[in-house]
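Undergrad: Heads up: the sequence shown runs through residues 135 to 394, numbered per our numbering.
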Amino acid sequence: MKPEISLTFLGTSTSTGVPVIGCTCAICTSGDPLLIRTRSSIHLQIGDMSILVDSGPDLREQALREGLAKVDAVIYTHAHLDHITGFDELRAFCWHREDPLPLYGSPSCLGEIRRIFEWAFSPTNIYKGYIKPDPKEITGPVQLKKLTVTPIPVIHGSVETHGYRFDYPDIPSFAYIPDVKTIPKESAELLKNIPLLIIDCLHEREHPTHMSLKESLAASESLGAQKTYLTHISHELDVHNVSLPLNCSFAHDGLKLSIS
Ligand SMILES: [Zn+2]
Ligand SMILES: [Zn+2]
Ligand SMILES: [Zn+2]
């Protein structure tokens, strides 16, 4: 049987979520389910292997919505709070496994997670019911069964940030880069002609640490991505009134892609 990866957008918003607390703009008050966005994260299901990329503050709601009961590993892009503060919700996934839960990330990202959630990494974390993390530093490609996960260093303000490229035998490769302002030349080499690119697109005006719509589309084109989904979207972007190139689409919460 031909393998298939099911990719689910758990969340597609920037750090505030959409609607934004207290905002009365047309997007935030639209009630349109395609415009309601939780904090950015994706889930990958490959056979019986279940992988989360980031654990944001909306993880509980996202897992309940998608019926997500099992996670075998979490891969972190960076340690900004909108990508890590669902950490304690990972408890529920630890209850269904014998071994500690592998958490992959750059040494600095894992160091920051360890600093913020210090109790979880302490030798005194012995109580049943608590999260049991197994930090695994990523400094180059890692193998999760047949899936190769390659870190793609990108520029996103002052915090060390990875996108990831995913390669699996007989399945088109794809990359997930939710937070990025610029892609260094060596990283762009790792993304050349990628069949599926998922990339940061904050809104139309420029921002110091995230790509604007124009920058996201330029990156998609210069990398030669065959298909691009835009994510990490703010309430300023009216996706219903933007026309995109034919090979580009806006992601939305709950969107599922079958990659095969
Ligand atoms: Zn973010
Ligand atoms: Zn708003
Ligand atoms: Zn960030």
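All C-beta atoms, glycine included, are put in the ideal place defined by N, C-alpha and C. Because the structure is a prediction, the values reported are computed rather than measured.
Taking the Cβ atom as the reference point for each residue, do I289 and P257 lie within a distance shorter than 8 Å?
TA: Cβ atoms of I289 and P257: not closer than 8 Å.
Undergrad: So if I measure from each beta-carbon to every heavy atom of ligand 2 and keep distances below 5 Å, which residues remain?
TA: Checking every Cβ against the heavy atoms of ligand 2 under 5 Å gives V154, C157, C159, C162, H369.
Undergrad: Between the alpha carbons of K204 and K270, how many angstroms are there, rounded?
TA: Cα-Cα distance, rounded: 19 Å.
Undergrad: If you follow the alpha helix (DSSP H) that Q196 is part of, which residue opens it and which one closes it?
TA: First-last of the alpha helix (DSSP H) with Q196: 193 to 200.
Undergrad: Look up L178 in the DSSP assignment and say whether it is helix, strand or coil.
TA: Three-state DSSP puts L178 in a strand.
Undergrad: Which word fits A353, buried or exposed, when buried means at least 16 other C-beta atoms lie within 10 angstroms of its C-beta?
TA: That one is buried.
Undergrad: Classify S356 as buried or exposed, calling it buried when 16 or more other Cβ atoms lie within 10 Å of its own Cβ.
TA: Exposed is the call here.
Undergrad: Going by C-alpha distance, which of I180, I328, H374, V208 is nearest P167?
TA: It is H374 whose Cα lies nearest to the Cα of P167.
Undergrad: Output the distance between the C-alpha atoms of V154 and I218, rounded to the nearest integer angstrom.
TA: Taking the straight line joining both Cα atoms gives about 19 Å.
Undergrad: Expressed to the nearest angstrom, what Euclidean distance is found between the alpha-carbon atoms of G291 and M135?
TA: Cα to Cα, the separation comes out at about 44 Å.
Undergrad: According to the neighbour-count rule (16 or more other Cβ atoms, all chains shown, within 10 Å of its Cβ), is T273 buried or exposed?
TA: Per the 10 Å Cβ criterion, exposed.
Undergrad: Return the first residue and the last residue of the beta strand (DSSP E) that I311 is part of.
TA: Element bounds for I311: 305 to 311.
Undergrad: Determine, using beta-carbon pairs with one atom in the region 193 to 208 and one in the region 293 to 310, whether at least three such pairs fall under 8 Å.
TA: No, the region 193 to 208 is not in contact with the region 293 to 310.
Undergrad: Within its chain, find whatever has a CB closer than 7 Å to the CB of Q196; leave out the 5 residues flanking it on each side and keep chain order.
TA: Around Q196: L144, G145, T172, S175.
Undergrad: Would you kindly check if the distance between the Cβ of L378 and the Cβ of T148 is under 8 Å?
TA: Going by C-beta atoms, T148 is not nearer than 8 Å to L378.
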